[in-house]
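Student: Dropping a structure here in structure tokens format, bear with me for questions.
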Amino acid sequence: MDNSYRKLKPTGYLIFIASMLVARTYCDVWMIQNGTMIESGIISRDISLFKRHFYSYISVIPGIALVNNFLKLGLNELKLRFRERLTKNLYDQYLQGFTYYKMGNLDNRIANPDQLLTQDVEKFCNSVVDLYSNLSKPLLDIGLYIFKLTSAIGAQGPGIMMAYLLISGLFLTRLRRPIGKMTVTEQRYEGEYRFVNSRLITNRLAHQQQLKPFTVTSHCVDHLHNFIFFRFSMGFVDSIIAKYVATVVGYLVVSRPFLNQSDPRHLHSSHSELLEDYYQSGRMLLRMSQALGRIVLAGREMTRLAGFTARITELIKVLKELNAGKYERTMVSQQEKDTAEKLVLVPGSGQIIKKDNIIKFEHTPLATPNGDILIRDLTFEVRSGTNVLVCGPNGCGKSSLFRALGELWPLFGGHLTKPERGKLFYVPQRPYMTLGSLRDQVIYPDTYDEQRRKGISDQVLKEYLDNVQLGHILDREGSWDSVQDWMDVLSGGEKQRMAMARLFYHKPQFAILDECTSAVSVDVEDYIYSHCKTVGITLFTVSHRKSLWKHHKYYLHMDGRGNYEFKPITEETVEFGS
Numbered sequence: 001m002d003n004s005y006r007k008l009k010p011t012g013y014l015i016f017i018a019s020m021l022v023a024r025t026y027c028d029v030w031m032i033q034n035g036t037m038i039e040s041g042i043i044s045r046d047i048s049l050f051k052r053h054f055y056s057y058i059s060v061i062p063g064i065a066l067v068n069n070f071l072k073l074g075l076n077e078l079k080l081r082f083r084e085r086l087t088k089n090l091y092d093q094y095l096q097g098f099t100y101y102k103m104g105n106l107d108n109r110i111a112n113p114d115q116l117l118t119q120d121v122e123k124f125c126n127s128v129v130d131l132y133s134n135l136s137k138p139l140l141d142i143g144l145y146i147f148k149l150t151s152a153i154g155a156q157g158p159g160i161m162m163a164y165l166l167i168s169g170l171f172l173t174r175l176r177r178p179i180g181k182m183t184v185t186e187q188r189y190e191g192e193y194r195f196v197n198s199r200l201i202t203n204r205l206a207h208q209q210q211l212k213p214f215t216v217t218s219h220c221v222d223h224l225h226n227f228i229f230f231r232f233s234m235g236f237v238d239s240i241i242a243k244y245v246a247t248v249v250g251y252l253v254v255s256r257p258f259l260n261q262s263d264p265r266h267l268h269s270s271h272s273e274l275l276e277d278y279y280q281s282g283r284m285l286l287r288m289s290q291a292l293g294r295i296v297l298a299g300r301e302m303t304r305l306a307g308f309t310a311r312i313t314e315l316i317k318v319l320k321e322l323n324a325g326k327y328e329r330t331m332v333s334q335q336e337k338d339t340a341e342k343l344v345l346v347p348g349s350g351q352i353i354k355k356d357n358i359i360k361f362e363h364t365p366l367a368t369p370n371g372d373i374l375i376r377d378l379t380f381e382v383r384s385g386t387n388v389l390v391c392g393p394n395g396c397g398k399s400s401l402f403r404a405l406g407e408l409w410p411l412f413g414g415h416l417t418k419p420e421r422g423k424l425f426y427v428p429q430r431p432y433m434t435l436g437s438l439r440d441q442v443i444y445p446d447t448y449d450e451q452r453r454k455g456i457s458d459q460v461l462k463e464y465l466d467n468v469q470l471g472h473i474l475d476r477e478g479s480w481d482s483v484q485d486w487m488d489v490l491s492g493g494e495k496q497r498m499a500m501a502r503l504f505y506h507k508p509q510f511a512i513l514d515e516c517t518s519a520v521s522v523d524v525e526d527y528i529y530s531h532c533k534t535v536g537i538t539l540f541t542v543s544h545r546k547s548l549w550k551h552h553k554y555y556l557h558m559d560g561r562g563n564y565e566f567k568p569i570t571e572e573t574v575e576f577g578s
């Protein structure tokens, strides 16, 4: 089949689905009329009448089946197209800058963006398209059946049926109001459960913390029990009002003109004609009541859609605010132990100045996003060519310093002078190995086209691997295009050396090395630091190795109690570490 239909825009699919719905409605009317004539031929023993309409039914089966499946095709394609567009729009905002990081670490309004961006988006798009189909088809049916029934049994019958179903619909819609809120709560609990499980797998949490998923599961199960009972109750009421009582009203309405002996439309009708009119009118009225019943029951889908809409709308709002530099987070109370003077923290109140070959903090408070003050006033300057060793106990602020430097965390005051973000490079202790080829591991996050535009050949990449003693990997794989699960294929030390080859490829002005040579031998480590100096990469190193002091000119020591010292490394400097 030609795939050109895939090029249709959503508007085209909407028109296509609408045309299929019209065709489906006319098929339904024809089926009622033709089925009535087949039954009439059977009851009256008219073989010619039976054969004529029976063969007509057989001849249109392929066309009706085609209409039904074209309708399903259009609905499924529209769901996919809506989901594709919405997902792309959300990810464009989510991946802009470091918004994905800010959402998880700076803003605490959205706890589970992965749930929202995947499962909730899919359910939202499916609900929107299903609602379009579940409303437009019944509305079309109602209009056509009212027109047909008015000429058959008068306008009073369809009017009574419509009035009953509208009143019952309003009543049921009012009863269903809690469903929207309960859907939001359900999705929130499901998202929290997935989030806790992902943390458990990623971080290998301690035994005590492993009890957390069961706590979240308990809340989710309790809510689902309540939701299931509520839906049971609503299903019971729905069935009585929208289905069975509607059938009773339908019998009363359709029987009136036939039981009325003086009705002029049936004064001279034969038994066969009465039977045809009754079956045809009854089935049309039944279809009309079913159509209006589907509209009434679509209210249930609308309340669920309202829940998904609230979740997606909140995500879009938070994404826009984060991209505009605004975030919301619960701040800790600021209690000063040593002085009565309080430091007022205003996120984003600091100024970032972009300038090459220098990193300078001027009277900058170093604080976490929730208001924990690590250092009240940080001031130091580093120019290109001056390597700095950063040391101190865990929790003293080393990572916080680099997050502020990388613009992941906001400045709470002062000035920060630094190069553009692309001229800083961070190498963690456990480097990320991307999905892709061996070449992709070296040039990440660049693509092959970007490598070619930079004029860097594969031979140069080979030299980078040789410099960190990884040339044997290319020899073993036989090609730069070899694709493996590199997180499993490479050892811990090989991953760290691959990250250093990646650093040589990008040649930033400044690099932050965060314990990134802990699994590398001392001789390779010496070469890496010497090569960085040769190519002009200035280093901020976080390490406890004494062997690295000789590669640095200054050290920045944080004691974890709000104090720091930034001094040159001299012969009198006491080296600490292991």
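Here the UniProt record's numbering is used: the first residue of the sequence shown is 1, the next is one more, and so on.
For every residue, glycine included, the Cβ atom is placed at its ideal position computed from N, Cα and C.
Which ranges would you report for the beta strand (DSSP E) in the stretch 491-538 if only whole runs of at least 3 residues count?
Tutor: Listed in chain order, the complete beta strand (DSSP E) runs (minimum 3 residues) inside the stretch 491-538 are 510-514.
Student: Just to confirm the assignment, what range does the beta strand (DSSP E) spanning Ile373 have?
Tutor: Counted from its first residue, the sequence shown places residue 373 at position 373. Where Ile373 is concerned, the enclosing beta strand (DSSP E) stretches over 373-383.
Student: What is the DSSP secondary structure of Glu420, reduced to helix, strand or coil?
Tutor: Residue numbering aside, residue 420 sits at position 420 when the sequence shown is read from its first letter. In this structure, Glu420 counts as coil in the three-state DSSP scheme.
Student: What residue range does the beta strand (DSSP E) around Gln93 cover?
Tutor: Position 93 of the sequence shown, counted from the start, is the residue given in the question as residue 93. Unbroken run through Gln93 is the alpha helix (DSSP H), 47-94; no beta strand (DSSP E).
Student: Would you call the CB atoms of Tyr448 and Arg502 closer than 8 Å?
Tutor: In the sequence shown, counting from the first residue as 1, residue 448 sits at position 448. In the sequence shown, counting from the first residue as 1, residue 502 sits at position 502. Not in contact: Tyr448 and Arg502 (Cβ atoms no closer than 8 Å).
Student: Should Ala65 be labelled buried (16 or more other beta-carbon atoms within 10 Å of its own) or exposed?
Tutor: Residue numbering aside, residue 65 sits at position 65 when the sequence shown is read from its first letter. By the 10 Å Cβ count, Ala65 comes out exposed.
Student: I think Ile375 touches Met558, with their Cβ atoms under 8 Å apart; what is that distance to the nearest whole Å?
Tutor: What you label residue 375 is simply residue 375 of the sequence shown in a count that begins at 1. What you label residue 558 is simply residue 558 of the sequence shown in a count that begins at 1. Ile375 to Met558, Cβ: 7 Å. Contact.
Student: For Ala242, is the classification buried or exposed, using 16 other Cβ atoms within 10 angstroms of its Cβ as the cut-off for buried?
Tutor: Within the sequence shown, the letter at position 242 stands for residue 242. Buried, because 16 or more other Cβ atoms sit within 10 Å of the Cβ of Ala242.
Student: Counting C-beta neighbours from all protein chains within 10 Å, is the total for Asp222 16 or more, i.e. buried, or is it exposed?
Tutor: Translated into positions along the sequence shown, residue 222 becomes position 222. Burial call: exposed.
Student: Suppose the cutoff is 7 Å on Cβ atoms and the five residues either side in sequence are ignored; what does the same chain contact list for Asn134 look like?
Tutor: The residue labelled residue 134 in the question sits at position 134 within the sequence shown. Taken in chain order, the residues that qualify are Arg294, Ala298, Glu301.
Student: If you reduce the DSSP assignment to three classes, tell me which class Ala340 lands in.
Tutor: What you label residue 340 is simply residue 340 of the sequence shown in a count that begins at 1. Caution is warranted here: a pLDDT of 36 is assigned to Ala340, below 50, making its placement in the model unreliable, and the coordinate value is therefore given only provisionally. Ala340 falls in the coil class under three-state DSSP.
Student: Are Phe82 and Thr309 closer than 8 Å when you measure CB to CB?
Tutor: Residue 82 sits at position 82 when you count from the first residue of the sequence shown. Residue 309 sits at position 309 when you count from the first residue of the sequence shown. No, they are not a contact pair.
Student: Strictly by DSSP, which residues pair up with Ser437?
Tutor: One-based indexing of the sequence shown puts residue 437 at position 437. Per DSSP, Val483.
Student: Going by beta-carbon coordinates alone, are Trp480 and Asp458 separated by less than 8 Å?
Tutor: Counting from 1 along the sequence shown, the entry for residue 480 is found at position 480. Counting from 1 along the sequence shown, the entry for residue 458 is found at position 458. Against a cut-off of 8 Å, the Cβ pair of Asp458 and Trp480 comes out as a contact.
Student: Tell whether a beta-carbon distance below 8 Å holds between Pro508 and Ile537.
Tutor: Working through the sequence shown from its first residue, we reach residue 508 at position 508. Working through the sequence shown from its first residue, we reach residue 537 at position 537. Yes.
Student: For Gly562, which residues of its own chain have a beta-carbon under 8 Å away from its beta-carbon, when the five flanking residues on both sides are left out?
Tutor: As a first step, residue 562 is located in the sequence shown; it is residue number 562 there, counting from the start. So the qualifying residues of the chain are Ile373, Leu374, Ile375, Arg376.
Student: When the Cα atoms are used, what is the spatial distance from Met498 to Asn394?
Tutor: Residue mapping note: residue 498 aligns to position 498 of the sequence shown, counting from 1. Residue mapping note: residue 394 aligns to position 394 of the sequence shown, counting from 1. When rounded, the distance between both Cα atoms is 26 Å.
Student: In this structure, what does DSSP give as the bridge partners for Cys220?
Tutor: Reading the sequence shown from its first residue, position 220 is the one you call residue 220. DSSP, once it has assigned bridges, lists no residue as partnering Cys220.
Student: Where does Lys550 sit, in a helix, a strand or coil, going by DSSP?
Tutor: Translated into the one-based positions of the sequence shown, residue 550 becomes position 550. Here Lys550 sits in helix by DSSP.
Student: Which stretch, first to last residue, makes up the alpha helix (DSSP H) that contains Thr11?
Tutor: On the sequence shown, position 11 is the one that residue 11 refers to. Residues 10-43.
Student: Whole angstroms are fine: how far does the CA of Leu438 sit from the CA of Arg476?
Tutor: As a first step, residue 476 is located in the sequence shown; it is residue number 476 there, counting from the start. As a first step, residue 438 is located in the sequence shown; it is residue number 438 there, counting from the start. Looking at the two C-alpha atoms, the distance is approximately 11 Å.
Student: Count the other CB atoms, across all protein chains shown, that sit within 10 Å of the CB of Phe510; report buried if there are 16 or more and exposed otherwise.
Tutor: The residue labelled residue 510 in the question sits at position 510 within the sequence shown. When all chains shown are included, Phe510 counts as buried.
Student: Classify Gln451 as buried or exposed, calling it buried when 16 or more other Cβ atoms lie within 10 Å of its own Cβ.
Tutor: As a first step, residue 451 is located in the sequence shown; it is residue number 451 there, counting from the start. Counting Cβ neighbours within 10 Å, Gln451 comes out buried, since at least 16 surround it.
Student: Whose C-beta lies closer than 6 Å to the C-beta of His525 among residues of the same chain, with five residues either side of it excluded?
Tutor: Mapped onto the sequence shown, residue 525 falls at position 525. In the sequence under discussion, the amino acid at residue 525 is Glu, which differs from the His named in the question. Only Thr517 meet the Cβ criterion.
Student: Note down the Cα distance separating Glu328 from Thr173, rounded to an integer number of angstroms.
Tutor: Along the sequence shown, one-based indexing puts residue 328 at 328. Along the sequence shown, one-based indexing puts residue 173 at 173. Computed Cα separation, rounded: 35 Å.
Student: Let me know if Tyr26 comes out buried or exposed under the rule of 16 or more other beta-carbons within 10 Å of its beta-carbon.
Tutor: Numbered from its first residue, the sequence shown carries residue 26 at position 26. Exposed.
Student: Whole angstroms are fine: how far does the CA of Ser239 sit from the CA of Ile146?
Tutor: Position 146 of the sequence shown, counting from 1, holds the residue named residue 146. Position 239 of the sequence shown, counting from 1, holds the residue named residue 239. Rounded to whole angstroms, Ile146 to Ser239 spans 24 Å at the Cα level.
Student: Would you kindly work out how many angstroms separate the C-alpha atoms of residue 600 and Phe236, rounded to a whole number?
Tutor: The shown model of the chain, from 1 to 578, leaves out residue 600, and the question about it has no answer.
Student: Tell me which residues share the same chain as Tyr55 and place their Cβ nearer than 8 Å to its Cβ, disregarding the 5 neighbours each side in the sequence.
Tutor: What you label residue 55 is simply residue 55 of the sequence shown in a count that begins at 1. Once the five neighbours on either side are set aside, Tyr55 has no close Cβ partner at all.
Student: Report all residues from its chain with a CB closer than 8 Å to the CB of Leu474; omit the five preceding and five following residues, and keep chain order.
Tutor: The residue you call residue 474 lines up with position 474 of the sequence shown. Once the five neighbours on either side are set aside, the close Cβ partners of Leu474 are Leu438, Lys462, Leu465, Trp480.
Student: Below 8 Å, can you find three or more Cβ-Cβ pairs linking the stretch 411-426 to the stretch 345-359?
Tutor: Touching, per the Cβ criterion.
Student: Give the DSSP-derived three-state secondary structure of Lys123 in the structure shown.
Tutor: Within the sequence shown, the letter at position 123 stands for residue 123. Correct three-state label for Lys123: helix.
Student: Within 10 Å of its beta-carbon, does Lys137 have 16 or more other beta-carbons around it, so buried, or fewer, so exposed?
Tutor: If you number the sequence shown from 1, residue 137 lands on position 137. Counting Cβ neighbours within 10 Å, Lys137 comes out buried, since at least 16 surround it.
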